[in-house]
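Q: Sending over a structure as structure tokens; questions will come in a sec.
Residue numbers (the numbering used here): 1 to 726.
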């Protein structure tokens, strides 16, 4: 074979003064060092080596007394009691909350545990347990002390999380609180080692500290109350999705080569698997630091009563908060809308009529029905406040919802019946098998309100593929993925992070800053089904093909109505925009978005580049605003949008996306974005009128966008001059 030689050059990690044989002197299997083995000391509990196994070194029996004395000072005494002092408390490193999992290299990913942060100081059988605020809670955490006494005969300072497991084997804070009061079993998840046998390890890279921690703990076994917190190197998005789909709290991302910092730092990041749903806004508390509110008071309806569900004070930008404050002031009332709000929550409260609906992300409900860790996502203008109740997974039996009382754990709403059987699940699964897509959890309900499953969505895309592919194939994509269905955590994903089926293809595109990223694209039914298997619930596409991303092949206006404007007004606005474009010489096609608006789309011969197309579309939007300032606005500010239509032209720039024709939407009602003709639009009564079953039926009818790809038109200098864009 060909000879080869690997040379390790000196770098920042080279340590010529310290070798592996002097640093790692403890057996991973038995927990003993060479001296302990030679003396025949028993292996630590959990090891696999026989207790009478003795290793004999070849050193001289008359080694210098000084060397023996130095060795004895580092080794535990025969009695097993440590001769090293108990490590002192250190401020723990805290993770920074972020919304997205880091996808660059150099990160490891661990489970985010739902318990108490706990630093364990060990010295032989002496144990001290500290909270993150340096409180000595050894007595409170007494149940975990005996197993910690068996960890080492030397000393160690371990960082970890003290937890209790619920009936599903997940860490759960409420279960932990009960366990602490009843003396039930606890589990200590150890994830870092700060000090060992008097040696400060905090400056070592994380992966090295964890390797030493794992060696210290040894083989604990799955039922041990002391567990080493395992991690995965890279593939953070897949780890996060797997953890979230299993119902856990989230992930902690840590830089693999970072030292331990006793403060909050960005070398540790936390990403939560948040639940989200709509809540009625019925009040607000005053802020002493800003002009707008401090927090919103939230509720849901139950048996005709508005039940208090807590308050939310995060998730707003300053501009959003001020705009929302205007809406709060407009609905002011002196009457408390809640039926059960605690007296403490009414202090400093200002009441409003329960008309506004906000979408809120949160981790869970407390036992008394109040949100934990809520974060405001935005106002929901497509759902009446009177319809807002607690959303629930489909598997929750209806009896549980009926048994819930005001102020107790929130009720679970039973799923409504699905549409008549118009989606052929078996056909969808058969199509996936035919193109080589392995489908997992086909019966998982992804639209709880309608009982629509993943298999149903496969059937939908099988039915509409011939209609959809001409518009979506070979175009860069952004995906909305919902690992647990639309009512749980969903996120946008632009870049291919790996781990997707081969039918999900990628193309390398240059970003504005000169960097290059892999973007998804598909070219077949297999791609649609592969995306569905990977929990894609919305497909958003660029306005240009992959072979020439600099020249758009369409322009688009998204009509975004202010709250209170009905669909008839939206429809009329779309017709007027189409008329203006027709007067300029552009033929258009309407798309019912499946959300709350209509997209007016004009196909283009790909000649002009993005800046020219965006400038033209901006001027069209401004022209509409100038002609009818009380009806249209080209400024996206919500504060200035009252009673108007925002003509969103911003989708006409490089990298911006809009929902694909025939894409499903991750919204209540299981709607789809459906092309219609201008004549047919007059009969449409809502932007979410077409659910998946109805859309699948429509896809078998004549194409409402006949001639779309035969239209040969472009933005001419005369058009630009006419709208003032030149």
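Beta carbons are placed, not taken as given, at the ideal position from N, Cα and C, and that holds for glycine.
Using only CA atoms, which one of 635, 116, 442, 692 lies nearest to residue 189?
A: Checking every option, the nearest Cα to that of residue 189 belongs to 116.
Q: Could you give the residue range of the beta strand (DSSP E) that holds residue 697?
A: Residue 697 -> not in any beta strand (DSSP E); alpha helix (DSSP H) instead, spanning 692-698.
Q: What runs of the alpha helix (DSSP H), each 4 residues or longer, lie entirely inside the stretch 442-519?
A: Listed in chain order, they are 454-472.
Q: Apply the 10 Å Cβ neighbour rule to residue 438 and answer buried if 16 or more other Cβ atoms are within range, or exposed otherwise.
A: Exposed, by the Cβ-count rule.
Q: State buried or exposed for residue 8, treating a residue as buried only when at least 16 other CB atoms are found within 10 Å of its CB.
A: Label assigned to residue 8: exposed.
Q: Straight-line CA distance for residue 359 to residue 199?
A: Whole-angstrom Cα-Cα distance: 50 angstroms.
Q: Span of the beta strand (DSSP E) holding residue 583?
A: Taken as a continuous stretch (DSSP letters only), residue 583 belongs to no beta strand (DSSP E), being part of the alpha helix (DSSP H) at 567-584.
Q: Going by CA-CA distance only, name the one from 275, 307, 321 that's closest to residue 294.
A: Minimum Cα distance to residue 294 is reached at 321.
Q: For residue 434, count the other beta carbons within 10 Å of its own beta carbon; 16 or more makes it buried, fewer makes it exposed. Which is it?
A: Answer is exposed; the Cβ neighbour count stays below 16.
Q: Residue 532 lies in the beta strand (DSSP E); which residues open and close that run?
A: Where residue 532 is concerned, there is no enclosing beta strand (DSSP E), although the alpha helix (DSSP H) it sits in stretches over 525-533.
Q: Going along the chain, which unbroken runs of the alpha helix (DSSP H) with 4 or more residues stay wholly within the stretch 187-225?
A: With a minimum length of 4 residues, the continuous alpha helix (DSSP H) runs that stay inside the stretch 187-225 are 206-217.
Q: If I follow the unbroken beta strand (DSSP E) through residue 666, where does it start and stop?
A: That residue, residue 666, is in no beta strand (DSSP E); it is neither H nor E in DSSP.
Q: Thinking C-alpha only, which one of 179, 202, 146, 454 is nearest residue 157?
A: Nearest option by C-alpha distance: 202.
Q: How long is the line joining the alpha carbons of residue 315 and residue 512, rounded to whole angstroms?
A: So the two alpha carbons sit approximately 28 angstroms from each other.
Q: Could you compute how far the alpha carbon of residue 366 sits from the alpha carbon of residue 309?
A: Taking the straight line joining both Cα atoms gives about 10 angstroms.
Q: What does the alpha-carbon distance come out to for the pair residue 255 and residue 232?
A: Their backbone Cα atoms lie some 12 angstroms apart in a straight line.
Q: Work out the CA separation of residue 196 and residue 738 for me, nearest whole Å.
A: Any question about residue 738 goes unanswered here, given that the chain covers just 1 to 726.
Q: Distance check for residue 171 and residue 500, CA to CA, integer angstroms please.
A: Distance between the alpha carbons of residue 500 and residue 171 is about 29 angstroms.
Q: By the DSSP assignment, the alpha helix (DSSP H) with residue 329 in it spans what residues?
A: Here the alpha helix (DSSP H) through residue 329 covers 318-330.
Q: Using a Cβ-Cβ cut-off of 7 angstroms (strictly less than) and excluding sequence neighbours within five positions of residue 714, which residues of its own chain qualify?
A: Excluding positions up to five away in sequence, the list reads 604, 605, 607, 608.
Q: If you measure between the beta carbons of residue 177 and residue 192, is that distance less than 8 angstroms?
A: Not a contact, by the Cβ cut-off of 8 angstroms.
Q: Compute the Euclidean distance between the alpha carbons of residue 719 and residue 611, then round it to the nearest angstrom.
A: Looking at the two C-alpha atoms, the distance is approximately 15 angstroms.
Q: Taking its Cβ as the centre, do 16 or more other Cβ atoms sit within 10 Å of residue 492, making it buried, or is it exposed?
A: Exposed, by the Cβ-count rule.
Q: Along the beta strand (DSSP E) that carries residue 614, what are the first and last residues, could you check?
A: First-last for residue 614: 610-627, but that is the alpha helix (DSSP H), not the beta strand (DSSP E).
Q: If residue 160 and residue 229 are in contact, beta carbons under 8 angstroms, what's the gap, nearest whole angstrom?
A: 7 angstroms between Cβ atoms; contact.
Q: Residue range of the beta strand (DSSP E) that residue 310 falls in?
A: 305-312 is the span of the beta strand (DSSP E), which, as asked, contains residue 310.
Q: Is residue 171 helix, strand or coil when you go by DSSP?
A: Three-state result, residue 171: strand.
Q: Between which two residues does the beta strand (DSSP E) carrying residue 88 extend?
A: That residue, residue 88, is in no beta strand (DSSP E); it is neither H nor E in DSSP.
Q: Which residues in the same chain have their Cβ closer than 8 angstroms to the Cβ of residue 630, if we skip the five residues on either side of it in sequence?
A: The residues are 643, 644.
Q: Per DSSP, residue 96 is paired with what?
A: 269, per the DSSP bridge assignment.
Q: Buried or exposed for residue 478, please, with buried defined as at least 16 other CB atoms from any protein chain shown within 10 angstroms of its CB.
A: Counting Cβ neighbours within 10 Å, residue 478 comes out buried, since at least 16 surround it.
Q: Among 594, 583, 454, whose alpha-carbon lies nearest the alpha-carbon of residue 529?
A: Selected option, being the one with the closest Cα: 454.
Q: How is residue 238 classed by DSSP in three states: helix, strand or coil?
A: If DSSP states are grouped into helix, strand and coil, residue 238 belongs with the helices.
Q: Identify whether residue 233 lies in helix, strand or coil by the three-state DSSP scheme.
A: Reduced to three states, the DSSP call for residue 233 is strand.
Q: Considering residue 128, what are the terminal residues of the beta strand (DSSP E) in which it resides?
A: Its beta strand (DSSP E) spans residues 126-130.
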